[in-house]
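In our numbering, the protein residues as written are 1 to 390. No residue lacks a Cβ here, since even glycine has one placed at the ideal position from N, Cα and C. The next block holds one structure in the form of structure tokens; read it before the comments.
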Amino acid sequence: MRHTIAMLALAAGIGAGAPAYAITGDQPEFRKLAEDVYAYIGKLNDANAMVIVTTEGVVLVDTGNNVTDTRELLAHVRSVTSQPVRYVVITQNHNDHSGGAALVSPPATTIVHERVAKQWATLKPHQITAWRRRFPERTSALERLTPVDTVQSFSDRLTLRLGGKDIELIYVADQYNPGDIAVWLPKERILHASMAGYKDRHPDIRPDYSHGTTDGLLKQLKVYLTLRPAMVVPAHGPVGGGWLLETMIEYLLLARDSVQEMMKKGLALPAIEKAFQMKAFGEWDRTEHLPWIAATIYRELQGLGPQIITVSERRQSGVVSSALQDGRFVTLTGADGTAVRLRVTGDTNFQGIGDRTAVRPGMKVSAVYEVPEGIVPALGYDTLELTIAP
Ligand SMILES: [Zn+2]
């Protein structure tokens, strides 16, 4: 079965003029998928976005990985239409997909699933501050607003009929689906598959179920397959055919099987995390996500709910010794030589620089970050504040 799907993927890859197992290029790409439909393909498997142009305004589907992507995405939109952005649809509640909404909304309306709206209504003060400051030119316009003020939400399905275009938003109900939605263009047969669409990149699934579960993603994928899309825009990775959904089903089933096998042999979680390699998908990037995928499946297969993680705040000053992936991963070395690995997100507040892409080795900084109890986060500690010394 696996063999068949790999063959299909290969055939489709050749047909599309791209290798089957290539990550996206080192520059973002704006590609026309159909009349009035475009994909913004993030560089090096960064988050993708989609653009639908109508005679009654533009619909953005997600907003680009970084601030720089959102600006570039909008420049591309302006190059193909003079219509304003009227709606921003958020397919998943993570900053690499939602963070750019603040640049255009308001006046554009941001459409999210009701679970996301609920979550936005309870954002912490530092997150609201980060939202207001993300684009300096927007800070005063957003001063009296919070993200939820710009939002229209729905529970199950929503069809946008705009300038002769039908745009269907689909939520596949599941206890742990955090509000991921697919965007389906029935006439063009194009699907933005949200978090369930991943290509060439190990998905970011976590034991606190904040990115859903493998079981929930499989449910979504099965519903999306029934639409028989001609083209699929994944959350991350190259655009492909409907086979892209099948590859992801194959991936998740294999991942669940391999964790189950190890559980049957009586292996403890740390040993499972170590041995969980997904070698059949050896070309996919972000192998740092693998231990968390294993830990998530380990919980799911025991019928456990999300892992509850308590965090405490810590402060550290020092010098940036490395800044990788546009400042997403920063290592801070203190005066005593201790190094702290930080994960800098769209929720991080910056002082002294505009955003994370400006973090450079050698900068003197002080950071406030969250330390989760009892686990070492594979990607680094989530950073609340990063202040650059003048
Ligand atoms: Zn993402």
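Distances from the CB of D96 to the heavy atoms of ligand 1 include at least one below 7 Å. Proximity of the beta carbon of H236 to ligand 1 is indicated: a heavy atom of the ligand is located closer than 7 Å. Counting the other CB atoms within 10 Å of its CB gives A335 a total below 16, which places it among the exposed residues.
Relative to ligand 1, the nearest heavy atom lies less than 7 Å away from the CB of A47. DSSP places W184 in the strand class (E or B) of the three-state scheme. In chain order, H211, I293 and T296 place their CB closer than 6 Å to the CB of I205, counting only its own chain and leaving out the 5 sequence neighbours on each side.
Residue burial annotation: V77 is buried, with at least 16 other C-beta atoms found within 10 angstroms of its C-beta. If one requires a minimum length of 3 residues, the beta strand (DSSP E) runs lying completely within the segment 80 to 150 are 85 to 89 and 109 to 113, in chain order. Here Q152 carries a strand assignment [DSSP, helix/strand/coil]. Taken through DSSP and simplified to helix, strand or coil, G216 comes out as helix. Inter-residue distance for R189 and L74 is about 24 Å (C-alpha atoms, whole angstroms).
Bridge partners of V51 according to DSSP: Y38 and L60. For D326, same chain residues with a beta-carbon under 7 Å away, outside a window of 5 residues either side, are N66, R356 and T357 in chain order.
The C-beta of D166 has fewer than 16 other C-beta atoms within 10 Å across all chains shown, which makes the residue exposed.
By the 16-neighbour rule on beta-carbons within 10 angstroms, A173 is exposed. Taking C-beta atoms as the reference points, P203 and N93 fail to come closer than 8 Å.
Looking at the DSSP output, Q351 shares a beta bridge with T387.
DSSP, read as helix, strand or coil, puts E261 in helix. Here the segment 341 to 355 lies against the segment 371 to 382, with 3 or more beta-carbon pairs under 8 Å apart.
With respect to A102, R134 sits close: the two C-beta atoms are nearer than 8 Å. Between V59 and I90 the beta-carbon gap is near 12 Å, outside 8 Å, which marks them as no contact. R314 places its beta carbon less than 8 Å from that of V371.
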